[in-house]
Each structure stands twice: as structure tokens, then as C-alpha cells.
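Mapping the sequence shown onto numbering that gives the first Met the number 0, position 35 (from 1) lands on 34, and the numbers just tick up by one.
Read the structure below first, then the notes.
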Amino acid sequence: MAVLVAKRTVPGFSWWRSSALSLRGSLGRSARDAARLPCLGLVCVGHRRLHTEEPVEVDFKRLEGKDEGIIEVLMCRHKARNALGHVFVSQMRELMTALSCDSAVRVVILRSLVPGVFCAGADLKERALMNHTESDLFVHSLRSLMTQIAMLPSPTIAAIDGVALGGGLEVALACDLRTAAYSAQMGLIETTRGLLPGAGGSQRLPRTVGITLAKELIFTGRRVGGQAALDMGLVNRAVEQNQAGDAAYREALSLAREILPQAPIAVRMAKEAMNRGMEVDIGSAMAIERMCYARVIPTRDRQEGMAAFIEKRPPRYTGE
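Printed below as a string of C-alpha cells:
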């Protein structure tokens, strides 16, 4: 079944509404009617867009067949190397909102369609035109975006096939897992521009690689390659770049396929238990684990997991 996306635009903002409509059944509807329909799921490959006045800088697709449940977030601001400008951030935030309420999503991969670049960081040309108040508001929106990414219920994987600097690395740090090509370059370089990481990087990098190493990287503004990033625990996997320039994406897809067969509710609850538990003392963390565990007990997936073990067969999880 093809799925139709409606997009409604006003100055400075746009709202993506994705509806599980068959294309045949929706051809007679107006864009206004389609925009009012409820959010029932994300688009699949071959979707049709309505209202394309605003350039598409962040796209997405739902994988099919054996990869059903994997969503790819596609960063495609080619002319500005995926720089974090107003339109890019707005479209990414809208997409994160849609992903957060779609129970069919099991794994999210963030990747770039711009060769040699994951995300080059903040759009300095746009920032140069802002006054202090506008700049503060925009950085707040960046910080909110990173929080949205971090709080997605399903596991997220950043595929770093090229440069990920400043805000670009902060996007990757907001993800649960990261893969990188050896040739990729990563760094929080804000101190070289008279700034400090302001979209979560100063907090997430220490939690990822440790406080002393994070201080060294941020104080010096150093860039590191894929192998060094792997050695310090900044990325989970690093691979040699291929001729297509998408080796990190391929590795991310392989990792997503390892997650995909597992019970989706259990995976989401495990993510919540770890994320929330890391921010509190061990006693409080154990209480959080107990709460998350209790939410898994009544699920059909838990019953299926036990039955599959007893019957010596692969489980068939439905996310219920």
C-alpha cells in the first residue's frame, strides 16, 4: 500500500502529516483534506509529496521486506553540507515528532546523502545575520532537537561516513549508537570559533568517552578519525570506506538488523531504563529498572519469548 504525505507550509514553519492512505483512495482528496487526517504511520519508498515550496533538506524512508521496522532519516542539504540552518532544523524536529509516536518504528538510522559529509555543524552564514536574542533562540531550538533525537523510544544509529563537526557531532552524540568510516572526521570544534558546544555536546561527550578525554577534545577543538573514535569509545564500530562512500551506513544497517529481531517493547524499555538510570544514583536507577521491567511483563511479546524458548523455535514478536 502506498502512503501519502501532506505538507502544510506557513512562513518559517511546516508540519509533516503522514497518513496511511492508499494512493488510489486519496487521489481525489485535496491537500487541505489530507493534511487534516490523523498521523497513522510514516511514508514508504515511493511516497508522493504535496506542496513542495520549501526545499527538502531532511527526508526519510521506511525499509521494507526483511528490514521492515527500520526507518532511515536522510540528511540532504547538499548545497550547505547539511549545515544546521532554520529549515533543516525545523524539518528534522518535525520528523522526530512523527517518529516518536509511530509504534511501527523499531530502529532509526540517521545518514547523509551528501558525499563526504555527515553534518558540517551550524550554518554560520545564517548565524552571522542573527542578533544576540535570535541566536540564543536558535541555539535553544538546536538543543531541543538533540533532546528529541535522544528521547526517541526506539534505538537510533548515526552512520558517519564523512565530516561530523560541532553541531554535526552533537547530532551523532544524541543517537544511541554510532558507526563511522575510518576516513570520517569528528570533533566539537566550537572553541576554535570562540564558542563552546551548546546543543548538548558538552554534556553528552563526557558521558560517552569520559570527562578527562572530553575536556581534552573540547578544550583543543581536536578532530579525530574513525579509528581514533573507535579506540576512545566515541563510536561503536569503524570500517574502511568503500567506493560508494557509504561504508558506515552499511555497518549501521548491519547493526540495525541485529536489533530488529528482538522484542521491540523490551528494547524500548531497556533504552529507557539505561538512559534514565544513568542520570540518578544506583538506588533510584534500580527503581527505574523495576518500573521498566514491570511494563514488559504483561506484553504478548514476553509470552511469545517464553513459548519460543520452550518450543525451541525463533520468536515472532509483534510489538504487543
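For glycine and all other residues, C-beta sits at the position ideal for the given N, C-alpha and C.
As the structure is a prediction and not an experimental result, all values here were calculated from the model.
Practice prompt. Pair every Cβ in the stretch 202 to 221 with every Cβ in the stretch 256 to 272, then say whether three or more of these pairs are closer than 8 Å.
Written response: These segments do not touch.
Fill in: DSSP three-state assignment for A179, whether helix, strand or coil
Note: A179 maps to strand in three-state DSSP.
Practice prompt. Rounded to whole angstroms, what's the CA-CA distance from R236 to A180? Just pull it up for me.
Written response: 9 Å
Item to complete: Go through its chain and collect everything with a Cβ distance to L104's Cβ below 6 Å, but skip five positions before and after it.
Response: It is worth fixing the name first, because residue 104 is Val in this sequence and not Leu. Around V104: I70, L98 and S153.
Worksheet item: If we ignore side chains and look at the alpha-carbon of each, how far apart do M145 and C174 end up?
Response: 9 Å
Worksheet item: Hey, S218 and A163: beta-carbon distance below 8 Å or not?
Response: Reading the sequence as shown, one finds Phe at residue 218 and not Ser. Contact flag unset, no.
Practice prompt. Given a cut-off of 8 Å, decide if V106 and I156 are closer than it, judged by their beta-carbon atoms.
Written response: yes
Fill in: Span separating the alpha-carbon of L94 from that of I159
In this structure, the alpha-carbon of L94 lies about 20 Å from that of I159.
Worksheet item: Ordered along the chain, which non-local residues of its own chain (more than five positions away) have a Cβ less than 8 Å from that of R142?
Response: G197, A198 and G199
Item to complete: Leaving aside the five residues before and after V55 along the sequence, list all residues of the same chain whose C-beta is less than 7 Å from its C-beta, in chain order.
Response: C75
Practice prompt. Starting from the N-terminal side, write out each stretch of the beta strand (DSSP E) that is 3 residues or longer and does not extend beyond the stretch 204 to 274.
Written response: 236 to 238
Discussion item. For C75, list the residues DSSP reports as bridge partners.
Written reply: BP columns for C75 are empty, so no partner.
Discussion item. I'd like the ranges of any alpha helix (DSSP H) spanning at least 4 consecutive residues and lying wholly in the stretch 66 to 132.
Written reply: 85 to 99 and 123 to 127
Item to complete: Output the boundary residues of the beta strand (DSSP E) element that contains G282.
Response: Where G282 is concerned, there is no enclosing beta strand (DSSP E), although the alpha helix (DSSP H) it sits in stretches over I281 to V295.
Discussion item. Which residue wins for smallest C-alpha separation from R256, given the options G68, E53 and F59?
Written reply: Considering only alpha carbons, the answer is G68.
Worksheet item: Which one of E52, L136 and A127 has the shortest CA to CA distance from V88?
Response: L136
Discussion item. Is the beta carbon of G166 closer than 8 Å to that of S127?
Written reply: Strictly speaking, residue 127 in this sequence is Ala, with Ser absent from that position. No. Outside cutoff.
Practice prompt. Flag this pair as yes or no: are the beta carbons of G304 and E288 separated by less than 8 Å?
Written response: Contact: no.
Worksheet item: When you compare only the Cα positions, how much space is there between M150 and E53?
Response: Note on geometry: alpha-carbon atoms of M150 and E53 lie some 27 Å from one another.
Discussion item. I'd like the list of long-range same chain contacts for T298, defined as Cβ closer than 6 Å, with 5 residues on each side in sequence excluded.
Written reply: Counting only Cβ-Cβ distances below 6 Å, and skipping sequence neighbours, we find I264.
Worksheet item: Just curious, the alpha helix (DSSP H) that I309 is in, first and last residue?
Response: R299 to E310
Discussion item. For a test of the three-state rule: what should DSSP assign to T317, helix, strand or coil?
Written reply: coil
Discussion item. Rounding to the nearest angstrom, what Cα-Cα distance links A247 and A286 in this structure?
Written reply: 37 Å
Fill in: Close-in-space but distant-in-sequence residues of the same chain around A251 (CB under 6 Å, 5 per side omitted)
I108, I156, A158 and T178
Item to complete: Look at the alpha carbon of G186 and the alpha carbon of E133, and state the distance between them as a whole number of angstroms.
Response: 25 Å
Worksheet item: For G84 versus E125, is the C-beta distance shorter than 8 Å?
Response: yes
Worksheet item: Which same chain residues, not among the five before or five after L254, have their C-beta less than 8 Å away from its C-beta?
Response: I156, L176, T178, N235 and R236
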